[in-house]
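Student: Read top to bottom, the protein sequences are chains A and B.
For the first sequence, position 228 (counting from the first letter as 1) is numbered 232 according to my numbering, and the numbering increases by one without interruption.
For the second sequence, position 328 (counting from the first letter as 1) is numbered 332 according to my numbering, and the numbering increases by one without interruption.
Here a beta-carbon is modelled for each residue, glycine too, at the ideal position from N, C-alpha and C.
Here the structure is a predicted model, which means the values were calculated and not measured.
This structure is in structure tokens; I'll ask about it shortly.
2 protein chains.
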Amino acid sequence: MINAVGRDIPEEVMAATGRDIFRGTYVNDNKEYTKAAPTVRAVCDPKRSKMVASIREAIEKCGLKDGSTVSFHHHFREGDYIVNMVMTEIHEMGLKDITVCASSLGKAHDAIVPFIEDGTITSIYSSGVRGKIGEAISNGKLKNIAVMYSHGGRVRAIEEGRIHIDAAFIGAPTADEYGNLRANGGKSNCGVLSYAYADAQYADKVVAITDTLVPFPNIPASISMVNVDYVCVVDEIGNPNKIATGAAKPTTDLRKLLMAQYCTDFVVAAPYYKDGFVYQTGVGGASIASTIYLAEKMRKDNIHMSLGLGGIATPMVRLMEEGLIGKLVDTQDFDLGAVESIQAHPDRHIEITGSEYANPMNKGAYVNKLDYVILAALEVDTHFNCNVITDSTGLITGAQGGHPDTAAGAKCTIVISPLVQGRSPAVCTDVTTVTTPGETVDVVITDYGIAVNPARPDLMEAAKNCGAPLYTIEELRDIAYSIVGEPRKIKFGEKVVGIVEARDGTIIDVVRQMQEYVFDD
Amino acid sequence: MINAVGRDIPEEVMAATGRDIFRGTYVNDNKEYTKAAPTVRAVCDPKRSKMVASIREAIEKCGLKDGSTVSFHHHFREGDYIVNMVMTEIHEMGLKDITVCASSLGKAHDAIVPFIEDGTITSIYSSGVRGKIGEAISNGKLKNIAVMYSHGGRVRAIEEGRIHIDAAFIGAPTADEYGNLRANGGKSNCGVLSYAYADAQYADKVVAITDTLVPFPNIPASISMVNVDYVCVVDEIGNPNKIATGAAKPTTDLRKLLMAQYCTDFVVAAPYYKDGFVYQTGVGGASIASTIYLAEKMRKDNIHMSLGLGGIATPMVRLMEEGLIGKLVDTQDFDLGAVESIQAHPDRHIEITGSEYANPMNKGAYVNKLDYVILAALEVDTHFNCNVITDSTGLITGAQGGHPDTAAGAKCTIVISPLVQGRSPAVCTDVTTVTTPGETVDVVITDYGIAVNPARPDLMEAAKNCGAPLYTIEELRDIAYSIVGEPRKIKFGEKVVGIVEARDGTIIDVVRQMQEYVFDD
């Protein structure tokens, strides 16, 4: 069936995954549903301890068995040890058909590929599947169809009951023996535990894993003891150097600086640039450069951002400290500056849950309040659809993150991409994989100029006045094709290896198995 | 049927309320159950507003009808305007058979008695029903049997699905237009919104009512926008003078000072008095005096409390500021000192939810970690059962609050009561109404001396060494009876007007309709 972004979703994939096709970003507004609920056990005897001696003991006490679903968060990013530790134990116990429900998976988890190959893991839900796991899925090695959801979509899936987590394994920089978990104060600080909050609320069993046990009560806690069954101490939960890196150096790439300039000039020209605006940006070089340019404008114009949100890095922290940003709400810390800030400014730099950030089915998330979001994309097409998941060969290599969530929420969604990435055109007729529907993308900014979505004539004035070369999206594509040529259509195998879930759980696109590359002609 | 505290619970009351008899405080430890879940509506269209023009509009949008259940919190204490405003509107709309599910009801709500009499309100769940509502229930004016639960039992009832809230009306000192609610920063600060948290999580519809609308985002929030449907601004949500009173003056009542001395001497002699102990006390004169005495001992012995918890008043705040207490976790603010402290010390004086405080069926509440709790009681009997709900005539006049919760959790539960209250013996053979089972009460402290529960021989040593006159509980009763005589048995009507719920939702006792007083002889 053809969905709302024009993709033909095979009916057998709809049947196999129990999902409808994507029918538009806002069709579920005001939809009524009953939330899911975990099956839990009471701890009313004050003498009972939650401490377990090993991850093995925790798994056994959770009663995991063939077919169980386990969950993980990705706040330790490339430094995470938790997923591998837990999955190795599950593998050694001989469990099969395990579903891994992660907020994201990356290169830190290459070690679990053999567990995919031997049937320990047969289903994966993740925002993204970078590294060798992405390759394994793209090569058809996972038994069931992988599901790639956005950060908001993941919480929605858990809160709706689409995914039921049997046991959540939550790595915590610090924990007390009763399960109050904080993201700071240990050896592997990660700043926040936002994405683990839903797991703690909705999993039947919750296991805290820490390398730094601290005295009770470990508060204010990101995750409360009232949702934690077991606490396990291990030697190391992660590699601090890969969890929070030093602040990214400002880019010197002229293409990125040019796009940053165009982006800021457009933001300032657009009608939402006024005192109190709400803003989100990423941590790529162009995004950071545009934040710096924007700050210069804000100082000059005496305009302040009331709120910055999302994943936080040092440039946004500095603007808050300067008084240019009122508050930051934080779902992920990208560097040490952000981790330090959330400890230093509890009144202004505030951890929020994944649901508060981006869940499309709660009673209103922060993304709904965005004036601007600045996003990157691997590809954007003439329908303004974006791809952030597959590379130009079709290999799964990226993650949705909050891309579709913020795009849907923001009054003005700006996608930045150099017109040509490597030898591929970033603006094209049809993206390889749709992750973010064009109806939620308002402006595309490239190093050659900008294009405004015709659905947003109200933004044309700003685009004309901002000083950047203004094109139609088709013109930008044509320039890209004139530089590197029109890309040949990729040949995939027939087998669908993954679906891209829209925020609401419907299928916005499928990812097919990679084939040995064969030229058409 | 005879329950675990020896009360005969009529089978028709068990049938009418769908409840088992109380079978012991810890029988449900490790019990498995599936949590309840609300039926909600998604707000995924960023353009939609949550503002409503009036309480009437909010009620209409919530779809309330005959038989609906509405809920309220009691953080505004004697200064609350919310209950009366909402119930008056519901009454004017002509709705009938409404269930009021309040965390507590008091004299501030005398105005709703006519709505009980005319069938607008036919069921009441509350920790207590002081004032004219208590009289109305005791006099048989409420159609259905009233349910009196503890603070922890209330959250348990909501989380278990025993009570389903159709609409929660949450008074908030400050709110933004998207429903982020704080207990501070407005005209009627109440410090925390702990008891409203479960309502926000589990009610189908949530209405925020404020008199101080502040810019978005109103954070860190006690209640998050993700659980709030509507925001309504009114002129006044409460009377600040009755919400947070000035700090209570230290008592000069010699009986109370004597009990305070006995209490502290026992605490210090008992085995839990060591660095890092966890402690809770009330706000009565004797409790505050004993806190002051205890602080003197702690300074002298260089012993520190790691945590103080529960409802907070100025004396505990001062000890935290002095460094004698590490942290305070707070579910209710009794005076301005507490309200000011929670704003001044976000790292050490921390709001917790009602579930975190006392829910017996979550995965572990703060009460489970108490070393000592100091409680008051209207009556305590020779089985160590306590009554905090009915006076000596059987009139409903008090509230369970956290009494049974903290008693069940603490390693050492100390009940303070003058041996004779007015002309009634406070230590008696059988309390009028059992609210807290004797198995959870360890020591009784009176102005004549102390008694230790024989079930706690491990505490006898401390009792012998502490310097207070040591009696058996029967001896204390006999002294009391020798002063004021043995009370004659109260004659009640046959009709059961209320049940006292144990923490786990079973029936620990019933309250019968008052009768014109007739002497037996």
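Is it buried or exposed for S348/B, if we count other Cβ within 10 angstroms and need 16 for buried?
Tutor: The residue given as residue 348/B occupies position 344 in the second sequence. One point to set straight first is that residue 348/B is Ala, not Ser, in the sequence displayed. Counting Cβ neighbours within 10 Å, A348/B comes out exposed, since fewer than 16 surround it.
Student: Please decide whether M5/A counts as near chain B, where near means a Cβ-Cβ distance under 8 Å.
Tutor: Here residue 5/A refers to the residue found at position 1 when the first sequence is read from its first residue. Judged by the 8 Å Cβ criterion, M5/A is not in contact with chain B.
Student: Could you tell me which residues DSSP pairs with D12/A in its beta bridges?
Tutor: The residue you call residue 12/A lines up with position 8 of the first sequence. According to DSSP, which records beta bridges pairwise, D12/A is partnered with I6/A.
Student: With DSSP run on the structure shown, which of helix, strand or coil describes N372/A?
Tutor: Mapped onto the first sequence, residue 372/A falls at position 368. Helix at N372/A.
Student: Against chain B, does I223/A count as a neighbour if the rule is that its beta carbon must be under 8 Å from one of theirs?
Tutor: By 1-based counting over the first sequence, the position of residue 223/A is 219. So yes, I223/A belongs to the interface.
Student: Output, in sequence order along the chain, the residues in the region 206–237 of chain A whose CB is closer than 8 Å to any CB in chain B.
Tutor: V210, P219, F220, P221, I223, P224, S228, M229, V230, N231, V232, D233
Student: Using beta-carbon positions only, say whether G406/B and H155/B come within less than 8 Å of one another.
Tutor: Locating residue 406/B in the second sequence gives position 402, counting from the first residue. Locating residue 155/B in the second sequence gives position 151, counting from the first residue. Contact flag set, yes.
Student: Between A342/A and A317/A, which are expected to be in contact by the criterion C-beta below 8 Å, what is the C-beta distance as a whole number of angstroms?
Tutor: Working through the first sequence from its first residue, we reach residue 342/A at position 338. Working through the first sequence from its first residue, we reach residue 317/A at position 313. Going by Cβ atoms, the distance from A342/A to A317/A rounds to 6 Å, so yes, they are a contact pair.
Student: In chain order, what residues of the region 416–450 of chain A put their CB closer than 9 Å to some CB of chain B?
Tutor: none
Student: Where DSSP assigns a beta bridge to L382/B, which residues make up the other side?
Tutor: Mapped onto the second sequence, residue 382/B falls at position 378. DSSP lists no partner for L382/B.
Student: Could you tell me which of G314/B, G497/B, P461/B sits nearest to E355/B, measuring between CA atoms?
Tutor: In the second sequence, counting from the first residue as 1, residue 355/B sits at position 351. Answer by Cα proximity: G314/B.
Student: Return the first residue and the last residue of the alpha helix (DSSP H) that M302/B is part of.
Tutor: Your numbering for residue 302/B matches position 298 in the second sequence. Run containing M302/B: 289–305, per the alpha helix (DSSP H) assignment.
Student: Between the C-alpha atoms of D409/B and Y297/A, what's the straight-line distance to the nearest angstrom?
Tutor: Position 405 of the second sequence, counted from the first residue, corresponds to residue 409/B. Position 293 of the first sequence, counted from the first residue, corresponds to residue 297/A. Whole-angstrom Cα-Cα distance: 57 Å.
Student: Taking contact to mean 3 or more Cβ pairs, one atom from each stretch, closer than 8 Å, check whether the region 411–425 of chain B and the region 444–453 of chain B are in contact.
Tutor: Touching, yes, given that three or more Cβ pairs across the two stretches are closer than 8 Å.
Student: Mind pulling the beta strand (DSSP E) runs of 3 or more residues that sit fully within the region 66–144 of chain B?
Tutor: Counting whole runs of 3 or more residues, the region 66–144 of chain B contains the beta strand (DSSP E) stretches 73–76, 102–106, 125–130.
Student: Alpha carbons only, please: which of D180/B, I116/B, D385/B, A62/B is nearest the one belonging to R481/B?
Tutor: As a working mapping, residue 481/B is identified with position 477 in the second sequence. Of the listed residues, the one whose Cα sits closest to R481/B is D385/B.
Student: Taking 8 Å as the limit between beta carbons, can you name the residues of its chain near A225/A, skipping five residues before and five after?
Tutor: Indexing the first sequence from 1 puts residue 225/A at position 221. For A225/A, where only same-chain residues beyond five positions count, the Cβ hits under 8 Å are N184, L185, R186.
Student: Using only CA atoms, which one of D84/B, D339/B, T214/B, L311/B lies nearest to G330/B?
Tutor: What you label residue 330/B is simply residue 326 of the second sequence in a count that begins at 1. Looking at the Cα atoms, L311/B is the closest of the given residues.
Student: Under a Cβ-count criterion, where at least 16 other Cβ atoms within 10 Å of its own Cβ denotes burial, should V133/B be classed as buried or exposed?
Tutor: Stepping through the second sequence from its first residue, residue 133/B is reached at position 129. Buried: at least 16 other Cβ atoms inside 10 Å.
Student: Would you identify the three-state DSSP class for P541/A, choosing helix, strand or coil?
Tutor: The structure shown does not extend to residue 541/A, since chain A is modelled only from 5 to 525, so the question has no answer here.
Student: So what does DSSP say about E240/A, is it helix, strand or coil?
Tutor: Along the first sequence, one-based indexing puts residue 240/A at 236. In the structure shown, E240/A sits in coil (DSSP, three-state: anything other than H, G, I, E or B).
Student: Per DSSP, what kind of secondary structure is T417/A in: helix, strand or coil?
Tutor: Taking the first sequence and counting its residues from 1, the one referred to as residue 417/A is at position 413. DSSP places T417/A in strand when its eight states are reduced to three.
Student: H308/A to V371/A, Cα distance in whole Å?
Tutor: By one-based count along the first sequence, residue 308/A stands at place 304. By one-based count along the first sequence, residue 371/A stands at place 367. So the two alpha carbons sit approximately 19 Å from each other.
Student: Leaving out the 5 sequence neighbours to the left and right, which residues in its chain are closer than 6 Å to I162/A when beta-carbon positions are compared?
Tutor: The residue labelled residue 162/A in the question sits at position 158 within the first sequence. Only A202, Y206 meet the Cβ criterion.
Student: Identify the contact partners of D551/A in chain B, using a Cβ-Cβ distance below 8 Å as the criterion.
Tutor: Nothing about residue 551/A can be read from this structure; chain A reaches only from 5 to 525.
Student: Whose C-beta lies closer than 8 Å to the C-beta of I125/B among residues of the same chain, with five residues either side of it excluded?
Tutor: Taking the first residue of the second sequence as position 1, residue 125/B is located at position 121. The answer, listed in chain order, is M91, I102, T103, V104, I116, F119, L146.
Student: Looking only at its chain, what residues have a beta carbon closer than 7 Å to the beta carbon of L261/B, apart from the 5 residues adjacent to it on each side?
Tutor: Counting from 1 along the second sequence, the entry for residue 261/B is found at position 257. Excluding positions up to five away in sequence, the list reads T255, A293.
Student: Measure the alpha-carbon distance for G110/A versus E82/A and round it to whole angstroms.
Tutor: Against the first sequence, residue 110/A aligns to sequence position 106. Against the first sequence, residue 82/A aligns to sequence position 78. When rounded, the distance between both Cα atoms is 7 Å.
Student: Can you list the alpha helix (DSSP H) stretches of 4 or more residues lying completely in the region 183–269 of chain B, in chain order?
Tutor: Within the region 183–269 of chain B, the runs of alpha helix (DSSP H) at least 4 residues long that lie entirely inside it are, in chain order, 201–206, 244–247.
Student: Measure the Cβ-Cβ separation of A150/B and G502/B and say whether it is below 8 Å.
Tutor: Position 146 of the second sequence, counted from the first residue, corresponds to residue 150/B. Position 498 of the second sequence, counted from the first residue, corresponds to residue 502/B. Cβ distance < 8 Å, so A150/B and G502/B count as in contact.
Student: For the structure I just gave you, are there three or more beta carbon pairs, one from the region 168–180 of chain A and one from the region 5–12 of chain B, closer than 8 Å?
Tutor: No, the region 168–180 of chain A does not touch the region 5–12 of chain B.
Student: To which residues of the same chain is D513/B closer than 6 Å at the C-beta, ignoring the five residues directly before and after it?
Tutor: The residue given as residue 513/B occupies position 509 in the second sequence. Excluding sequence neighbours, D513/B sits near R11, T437, V438, V504.
Student: DSSP state of Q347/B, grouped into three classes?
Tutor: Position 343 of the second sequence holds residue 347/B. Three-state result, Q347/B: helix.
Student: Could you spell out the range, first to last residue, of the beta strand (DSSP E) harbouring I174/B?
Tutor: Start at 1 with the first residue of the second sequence, and residue 174/B comes out as number 170. Start and end: 171–176.
Student: CA-CA distance, C267/B and S131/B?
Tutor: Position 263 of the second sequence holds residue 267/B. Position 127 of the second sequence holds residue 131/B. Approximately 27 Å between the Cα atoms of the pair.
Student: What's the call for N231/A, buried or exposed, on a 16-neighbour Cβ count within 10 Å?
Tutor: Counting from one through the first sequence, the residue named residue 231/A turns up at place 227. Counting C-beta atoms within 10 angstroms of its own C-beta, N231/A has 16 or more neighbours from the protein chains shown and is therefore classed as buried.
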